[in-house]
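Undergrad: Quick one: this structure, given as structure tokens, is what I'll be asking you about.
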Amino acid sequence: MAKHVLIIEDEPNIVEALSFILSRDGWAVSLHADGNQAVEAVQSKRPNLVILDVMLPNKSGFDILKDLRDSVDTREVPVLMLTARGQNKDRMLAEKLGVSRFMTKPFSNADILSAVQDLTR
Amino acid sequence: MPRETLVGTRIRERRTLAGLRQAELARRSGISASYLNLIEHNRRRIGGKVLQDIARTLDVKPAVLADGAEASLIASLRDAVGDRASGVPELQRVEELANRFPAWSQLLDESFQRTTSLEKRLEAASDRLTHDPYLAAAFHDVLSSVTSIRSAASILSDTAELEPAWRDRFHRNLNEDSARLAESSQSLVNYFDNTEDAGTGITTPEDEVEAFLKAHNFRFPDFEKETSSERMIEVEADKMRSAAARYMLEGFLRQYRRDVQALSADRLIKAVAEFGIDPLQLANDLSVDVTLVMRRLASLDENRIPTPVGLVICDASGALTYRKPVEGFAIPRFGAGCPVWPLYRSLSAPLQLFETRMTHSGDQSKMYQSFAIAVPVTPPEYNQPPLLRAYMLILPLVLGKPDVKPPQKVAKARHTRVGVSCRLCVEATCAARREPSILAEGL
Chain B
1 MAKHVLIIED
11 EPNIVEALSF
21 ILSRDGWAVS
31 LHADGNQAVE
41 AVQSKRPNLV
51 ILDVMLPNKS
61 GFDILKDLRD
71 SVDTREVPVL
81 MLTARGQNKD
91 RMLAEKLGVS
101 RFMTKPFSNA
111 DILSAVQDLT
121 R
Chain E
1 MPRETLVGTR
11 IRERRTLAGL
21 RQAELARRSG
31 ISASYLNLIE
41 HNRRRIGGKV
51 LQDIARTLDV
61 KPAVLADGAE
71 ASLIASLRDA
81 VGDRASGVPE
91 LQRVEELANR
101 FPAWSQLLDE
111 SFQRTTSLEK
121 RLEAASDRLT
131 HDPYLAAAFH
141 DVLSSVTSIR
151 SAASILSDTA
161 ELEPAWRDRF
171 HRNLNEDSAR
181 LAESSQSLVN
191 YFDNTEDAGT
201 GITTPEDEVE
211 AFLKAHNFRF
221 PDFEKETSSE
231 RMIEVEADKM
241 RSAAARYMLE
251 GFLRQYRRDV
261 QALSADRLIK
271 AVAEFGIDPL
281 QLANDLSVDV
291 TLVMRRLASL
301 DENRIPTPVG
311 LVICDASGAL
321 TYRKPVEGFA
331 IPRFGAGCPV
341 WPLYRSLSAP
351 LQLFETRMTH
361 SGDQSKMYQS
371 FAIAVPVTPP
381 EYNQPPLLRA
391 YMLILPLVLG
401 KPDVKPPQKV
411 AKARHTRVGV
421 SCRLCVEATC
431 AARREPSILA
441 EGL
């Protein structure tokens, strides 16, 4: 059975590219485009990995990450965080909240695939 | 003659050098000509605010007037040396340096002043790059477009036999994202070009809209007519340079047009003549919403109402979305305003109208009356608090001159000292302070 990645990202064209390269690599991909109900989506879909954008409508990726780590159901799920803000303080905040990997945009497809594979070994 | 008694002589010398008449210097420094005459003849000792005001008008440091150029230079050199003098005897011989090499000392001082000035500008620019929401959003847009383009291009390049449907989709994405990148990049170029253009001061879409509204005195007589149309909104919005500014101006003008249809200027002016500028009384008498009254008051011809009015509107995040200033009551251009403003306090008590008397922390001579209220902008939902928008109408009060009728149905006025924003406020002990003041810290 294919491993499952949940992409929480609101940029449709980035979502499409990520979906394509992950599906091509054999992953089952599901999507969520809004900060609201993102934690519920993780709880219900139970993915092997979450790819989480920082700037989302209604709720930031940092808040979602905190909620994921506070929930017994989701605290162990690896989270790969994507951001267009490469500031150190954002990286430090993400690490403090328990991010598994922090990547800044623009990233390469190979980097994303490599990170996903690392985090789900 | 003791050094301090020569202050007047130095002021006279500097004034003459600047080519100013005594009356002109007095007027620009906020004192009478006769008082300045006494000062210049060393018959009145001055210091404090008067000395600072005169120094500012003459564009010199107060110390130059108070102690003379040489003493000022020595003090300035000591500032430049700072803590580095401790343990280095040579650096403590500042007076000897100034006496033996006055030209070199002057050059050193000028370099120090320039470095300090550049540091301040750099700090301001850095502050802006970090906190300017427009710039953050623009960079985010550029990086998101680049990410998408890079991924799509890589897929097209690396996938030997890509299905036609996918290929078409990624070609379309490339096209969309490159167009978006072009617009975002142009917008950033305009931003930085305009930052360089101190003449206009327009740097963001908010600035662009605000400059447009100011140029029209926040009034649009053509929209007050029954013949106004949606097309007129588009024509005005097309004058904006950025898409974001067009969007914001369209929103503003649509609201303006709806407001005019709900409450005409003539009807409101007639009611103001009867009740004064009391938003609640006016709203009750006219059977309209109080926030409509506030918006319409801010759009009236100031010659037809007893006093000019200012209006500030913020959204639930506290971001100021509309700023119509009124003389003397400064409103910050970037970031949030003073946390003590009734505008923000109203957000914690929706639908309660606060009437408050305010003075500015920097100028106690002026008093303002404000009416603030927060209202829902979303319909009721189960278990969801409404999104709020807050309004604050600001009326200048001329002390001793009752040109504004007191409100008749609101609580007894309370007096509050407010500022512009923490950085420009001198209230050192304010519980709402979130950052040091550049005035208090002398940055």
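These protein sequences, in sequence, are chains B and E. Position 39, counted from 1, in the first sequence is what the numbering used here calls 39; the numbers after and before it change by one each time, with no gaps. Position 116, counted from 1, in the second sequence is what the numbering used here calls 116; the numbers after and before it change by one each time, with no gaps. Just so you know, even glycine gets a beta-carbon here, dropped at the ideal spot from N, CA and C. Please read all numbers here as calculations on a predicted model, not as lab measurements.
Does GLU176 (chain E) get closer than 8 Å to chain B when you measure Cβ to Cβ?
TA: Along the second sequence, one-based indexing puts residue 176 (chain E) at 176. It does; some Cβ of chain B falls within 8 Å.
Undergrad: Do the region 21-41 of chain B and the region 76-95 of chain B meet, that is, are 3 or more Cβ pairs less than 8 Å apart?
TA: Output reads no: the region 76-95 of chain B does not touch the region 21-41 of chain B.
Undergrad: Examine chain E for any beta-carbon lying closer than 8 Å to the beta-carbon of LYS59 (chain B), and answer yes or no.
TA: Within the first sequence, numbered from 1, the residue matching residue 59 (chain B) stands at position 59. No, no contact with chain E.
Undergrad: Tell me the DSSP secondary structure of ARG378 (chain E) in three-state form.
TA: For the purposes of this step, residue 378 (chain E) is identified with residue 378 of the second sequence, where counting begins at 1. It should be pointed out that residue 378 (chain E) corresponds to Thr in this sequence rather than to Arg. Three-state result, THR378 (chain E): coil.
Undergrad: Restricting to Cα atoms, I'd like to know which of E:ASP238, E:ARG246, E:ARG296 is closest to SER264 (chain E).
TA: What you label residue 264 (chain E) is simply residue 264 of the second sequence in a count that begins at 1. Ranking E:ASP238, E:ARG246, E:ARG296 by Cα distance to SER264 (chain E) puts E:ARG296 first.
Undergrad: Judging by CA-CA distance, which residue of E:LEU73, E:LEU77, E:ARG21, E:ARG44 is the nearest neighbour of THR57 (chain E)?
TA: For the purposes of this step, residue 57 (chain E) is identified with residue 57 of the second sequence, where counting begins at 1. Closest by alpha carbon: E:ARG21.
Undergrad: For HIS32 (chain B), which residues of its own chain have a beta-carbon under 6 Å away from its beta-carbon, when the five flanking residues on both sides are left out?
TA: Indexing the first sequence from 1 puts residue 32 (chain B) at position 32. The answer, listed in chain order, is ILE8, ALA38, ALA41.
Undergrad: I'd like to check one pair, LEU97 (chain B) with LEU119 (chain B): are the Cβ atoms closer than 8 Å?
TA: For this step, residue 119 (chain B) is matched to residue 119 along the first sequence. For this step, residue 97 (chain B) is matched to residue 97 along the first sequence. No, they are not a contact pair.
Undergrad: Give a yes or no on whether the minimum CB-CB distance between VAL146 (chain E) and chain B is below 8 Å.
TA: Residue numbering aside, residue 146 (chain E) sits at position 146 when the second sequence is read from its first letter. Yes, VAL146 (chain E) lies at the interface with chain B (some Cβ there is under 8 Å from its Cβ).
Undergrad: State whether the region 165-177 of chain E contacts the region 10-18 of chain E, with contact taken as three or more CB pairs (one from each stretch) at a distance under 8 Å.
TA: The region 165-177 of chain E vs the region 10-18 of chain E: no contact.
Undergrad: In whole angstroms, give me the CA-to-CA distance for VAL445 (chain E) and LEU17 (chain E).
TA: Nothing about residue 445 (chain E) can be reported from this structure: the residues present for chain E run from 1 to 443 only.
Undergrad: Between which residues of its own chain and ALA55 (chain E) is the CB-CB distance below 6 Å, once the five residues before and five after are set aside?
TA: Taking the second sequence and counting its residues from 1, the one referred to as residue 55 (chain E) is at position 55. Cβ neighbours of ALA55 (chain E) beyond the five flanking positions: PRO62, LEU65.
Undergrad: Beta-carbon within less than 6 Å of SER30 (chain B)'s beta-carbon, same chain only, minus the 5 sequence neighbours each way: which residues are those?
TA: As a first step, residue 30 (chain B) must be located in the first sequence, where it is residue number 30. So the qualifying residues of the chain are LEU6, LYS45.
Undergrad: Identify which residue in B:PHE20, B:ALA110, B:ALA115, B:ASP34 has its Cα closest to the Cα of VAL99 (chain B).
TA: Position 99 of the first sequence, counting from 1, holds the residue named residue 99 (chain B). Nearest of B:PHE20, B:ALA110, B:ALA115, B:ASP34 to VAL99 (chain B), Cα basis: B:ALA115.
Undergrad: Express the C-alpha separation of LEU97 (chain E) and ARG28 (chain E) in angstroms, rounding to a whole number.
TA: Taking the second sequence and counting its residues from 1, one reaches residue 28 (chain E) at position 28. Taking the second sequence and counting its residues from 1, one reaches residue 97 (chain E) at position 97. Those two C-alpha atoms are separated by around 37 Å.
Undergrad: SER242 (chain E) and SER187 (chain E) - do their beta-carbons sit closer together than 8 Å?
TA: Within the second sequence, the letter at position 187 stands for residue 187 (chain E). Within the second sequence, the letter at position 242 stands for residue 242 (chain E). Going by C-beta atoms, SER187 (chain E) is nearer than 8 Å to SER242 (chain E).
Undergrad: Around the Cβ of GLY419 (chain E), are there at least 16 other Cβ atoms within 10 angstroms (buried) or fewer (exposed)?
TA: If you number the second sequence from 1, residue 419 (chain E) lands on position 419. Buried, because 16 or more other Cβ atoms sit within 10 Å of the Cβ of GLY419 (chain E).
Undergrad: Output the residue ranges of the beta strand (DSSP E) runs that lie fully inside the region 232-316 of chain E and measure 3 residues or longer, sorted by chain position.
TA: Fully enclosed beta strand (DSSP E) runs of 3 or longer: 310-315.
Undergrad: Could you say which of B:LEU82, B:ILE112, B:ASP67, B:PHE102 lies nearest to GLN43 (chain B) if we only look at CA atoms?
TA: Locating residue 43 (chain B) in the first sequence gives position 43, where the first residue counts as 1. Closest option to GLN43 (chain B), Cα to Cα, is B:ASP67.
Undergrad: Which value, in whole angstroms, describes the spacing of the CA atoms of GLU274 (chain E) and GLN281 (chain E)?
TA: Locating residue 274 (chain E) in the second sequence gives position 274, where the first residue counts as 1. Locating residue 281 (chain E) in the second sequence gives position 281, where the first residue counts as 1. Cα to Cα, GLU274 (chain E) sits roughly 10 Å from GLN281 (chain E).
Undergrad: Alpha carbons only, please: which of E:ILE394, E:ASP177, E:PHE223 is nearest the one belonging to LEU343 (chain E)?
TA: Taking the second sequence and counting its residues from 1, the one referred to as residue 343 (chain E) is at position 343. Nearest of E:ILE394, E:ASP177, E:PHE223 to LEU343 (chain E), Cα basis: E:ILE394.
Undergrad: Kindly say whether LEU387 (chain E), judged by its beta-carbon, lies nearer than 8 Å to any beta-carbon of chain B.
TA: For this step, residue 387 (chain E) is matched to residue 387 along the second sequence. No, its Cβ sits nowhere closer than 8 Å to a Cβ of chain B.
Undergrad: Mapping the DSSP letters down to three states, classify THR9 (chain E) as helix, strand or coil.
TA: Start at 1 with the first residue of the second sequence, and residue 9 (chain E) comes out as number 9. DSSP places THR9 (chain E) in helix when its eight states are reduced to three.
Undergrad: Taking the alpha carbon of THR116 (chain E) as the point to measure from, which residue in E:SER76, E:LYS324, E:CYS425, E:GLN92 has its own alpha carbon closest?
TA: On the second sequence, position 116 is the one that residue 116 (chain E) refers to. When only C-alpha atoms are compared, the closest one is E:SER76.
Undergrad: Which chain E residues sit within Cβ distance under 9 Å of SER108 (chain B)?
TA: Against the first sequence, residue 108 (chain B) aligns to sequence position 108. Residues of chain E passing the Cβ test: ARG150, SER151, SER154.
Undergrad: For VAL213 (chain E), count the other beta carbons within 10 Å of its own beta carbon; 16 or more makes it buried, fewer makes it exposed. Which is it?
TA: Looking up residue 213 (chain E) in the second sequence gives position 213. Looking at the sequence provided, one finds Leu at residue 213 (chain E) rather than Val. Classification for LEU213 (chain E): buried.
Undergrad: Find out if the Cβ-Cβ distance for the pair ALA152 (chain E), ALA2 (chain B) is shorter than 8 Å.
TA: Numbered from 1 along the second sequence, position 152 holds the residue referred to as residue 152 (chain E). Numbered from 1 along the first sequence, position 2 holds the residue referred to as residue 2 (chain B). No.
Undergrad: Provide the residue span of the alpha helix (DSSP H) that contains LEU52 (chain B), from first to last.
TA: For the purposes of this step, residue 52 (chain B) is taken as the residue at position 52 of the first sequence. Counting along the chain, LEU52 (chain B) falls outside any alpha helix (DSSP H), though it belongs to the beta strand (DSSP E) covering 49-53.
Undergrad: Going along chain E in order, which residues have a C-beta closer than 9 Å to the C-beta of ASN88 (chain B)?
TA: To locate residue 88 (chain B), count along the first sequence from 1; it is residue 88. What ASN88 (chain B) touches in chain E: nothing, since even the nearest Cβ is about 12 Å away.
Undergrad: So is SER20 (chain B) in contact with chain E if we call contact Cβ pairs under 8 Å?
TA: Looking up residue 20 (chain B) in the first sequence gives position 20. Residue identity differs from the one stated: residue 20 (chain B) is Phe in this sequence, not Ser. It does; some Cβ of chain E falls within 8 Å.
Undergrad: For PRO386 (chain E), collect the residues of the same chain with a Cβ closer than 6 Å to its Cβ; drop the 5 residues on either side in sequence, then sort them by chain order.
TA: Sequence index remark: in the second sequence, residue 386 (chain E) carries index 386 (1-based). Taken in chain order, the residues that qualify are PRO376, THR378.
Undergrad: Along chain E, which residues have their Cβ under 8 Å away from the Cβ of MET92 (chain B)?
TA: On the first sequence, residue 92 (chain B) is found 92 positions in, with the first residue counted as 1. The contacting residues do not exist; MET92 (chain B) stays about 15 Å from chain E at best.
Undergrad: For HIS41 (chain E), which three-state DSSP category applies?
TA: Position 41 of the second sequence, counted from the start, is the residue given in the question as residue 41 (chain E). Three-state DSSP puts HIS41 (chain E) in coil, outside helix and strand.
Undergrad: Starting from PRO396 (chain E), follow the beta strand (DSSP E) in both directions and report where the run begins and ends.
TA: By 1-based counting over the second sequence, the position of residue 396 (chain E) is 396. 388-397 is the extent of the beta strand (DSSP E) around PRO396 (chain E).
Undergrad: For TYR134 (chain E), tell me which candidate among E:GLU230, E:VAL189, E:LEU347, E:TYR391 has the shortest Cα-Cα distance.
TA: Working through the second sequence from its first residue, we reach residue 134 (chain E) at position 134. Closest by alpha carbon: E:VAL189.
Undergrad: Any beta carbon from chain B within less than 8 Å of LEU286 (chain E)'s own beta carbon?
TA: The sequence position of residue 286 (chain E) within the second sequence is 286, counting from 1. No, its Cβ sits nowhere closer than 8 Å to a Cβ of chain B.
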